[in-house]
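Working notes for the structure below.
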Amino acid sequence: MLAYIIRRLLLIIPTLLGIMVINFAVIQFAPGGPVEVVIARFQGTAVDATARISGQGGELQQAGREDRQQGGSGSRYRGAQGIDPEIIKEIERQFGFDKPPVERFFLMMGKFLTFDFGSSFFRDRTVVQLILDKMPVSISIGLWTTLITYLICIPLGVRKAVRDGSRFDVWTSALVIVGNAIPSFLFAVLLIVLFAGGSFLDLFPLRGLTSENFSALPWWKKILDYIWHMTLPLTAMVISGFASLTMLTKNSFLDEINKQYVVTARAKGLTENRVLYGHVFRNAMLIVIAGFPGAFISILFAGSLLIEIIFSLDGLGLLGFEAAINRDYPIMFATLYFFTLIGLVMRIVSDIMYTIVDPRIDFERRG
């Protein structure tokens, strides 16, 4: 198993490099960029998701106004008509765009290997600081949503498999399908209207992960305050994530229940619980457990974007969205690199979980 893990770890290098190359190349051909964002701000036409430009933004903006009054000259950047080419070159130098794309890529990857992600183009902070600040919110949403979903869906899927075709199976399937059909952000809006001071009750807070006086609260009130703020976001996320995992668990159990070894176990006089949880569960849960890392990563880094916006939760999803809108390349590529690396490592973790659940699986022998 150790040799298999080492091989998988080594495969991370070309996989990660390929992903970064493809995304870097796509960005080079995408319209707009940080230079265009700065130019739009000079012109007063930018729609920005963040507050300001660091460094010499104010001085460059003033120089841009003076040059526009003098006529200036053309530029290859859209919207740069009337801005002094020297100012454009200075902006390019600040962002590193005075170097060829290939050189920029290798310089970026060289820094990423040491987890030096640089600083944001449009925030006076390093990328690492921004990620660390936003991480608690996204981890809270992703971890609790994934755990609650698994704790509810696995028993529900097992129950549906055991009572396949019964009334319980029919009406729970109807509820699961309805929950899957309605997006999580619509559930979030509905919950706000019903329970967060909308048209009905005012029981839960509308924004933030904790209250303003959180630091002054005793430890047990901190826990309650945290749960109070997380109730609505988690409810919206969990309801919309029921269907796939519940039906996956049910179908896995149905497939195992109909196998010969289950008939043999029952013929030996074993109790139904012993058959289900001593024999069937281990085999049926392989595919479910294998999907846990992927489900967690998906919810952590992508699935909670709209929930973060609706409930004013300043997490990684919102950070990535703002970076994409503002063409803040350090944040975009750093988060891509970091999250892809985590995703690849989690895939190895899922293989290890396979062997823990069922020791008969030997990846080394298959390799």
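The sequence shown runs -1 to 365 under the working numbering. Just so you know, even glycine gets a beta-carbon here, dropped at the ideal spot from N, CA and C.
- According to the DSSP secondary-structure assignment, Ala194 is paired through a beta bridge with Asp200.
- For Ser117, the secondary structure class from DSSP, reduced to helix, strand or coil, is strand.
- With 16 or more other Cβ atoms inside 10 Å of its own Cβ, Arg121 counts as buried.
- Secondary structure of Thr269 (DSSP, three-state): coil.
- As computed with DSSP, Thr333 is found in no beta bridge at all.
- Within the same chain, Cβ atoms closer than 8 Å to the Cβ of Ala186 are found at Leu230, Pro231, Ala234, Leu304, Ile305, Ile308 and Phe309, the five residues on either side in sequence being excluded.
- Selection Met133, Leu334, Leu192 and Leu184 evaluated against Leu311 yields Met133 as nearest (Cα-Cα).
- Between Lys97 and Pro328, the alpha-carbon positions lie close to 16 Å from each other.
- Nearest Cα to Tyr335 within the set Phe95, Phe103, Ala28 and Glu34: Phe103.
- Distance from the CA atom of Phe27 to the CA atom of Arg205, rounded to whole angstroms, is 38 Å.
- The alpha-carbon separation between Ser197 and Val126 amounts to approximately 41 Å.
- Listed in chain order, the non-local C-beta contacts of Ile17 below 6 Å within the same chain comprise Thr338, local neighbours out to five positions each way being set aside.
- Two segments are said to touch when three or more pairs of C-beta atoms, one from each, lie closer than 8 Å; by this definition the segment 239 to 250 touches the segment 170 to 186.
- Within the segment 10 to 42, the complete alpha helix (DSSP H) segments at least 4 residues long are 32 to 41, listed from N- to C-terminus.
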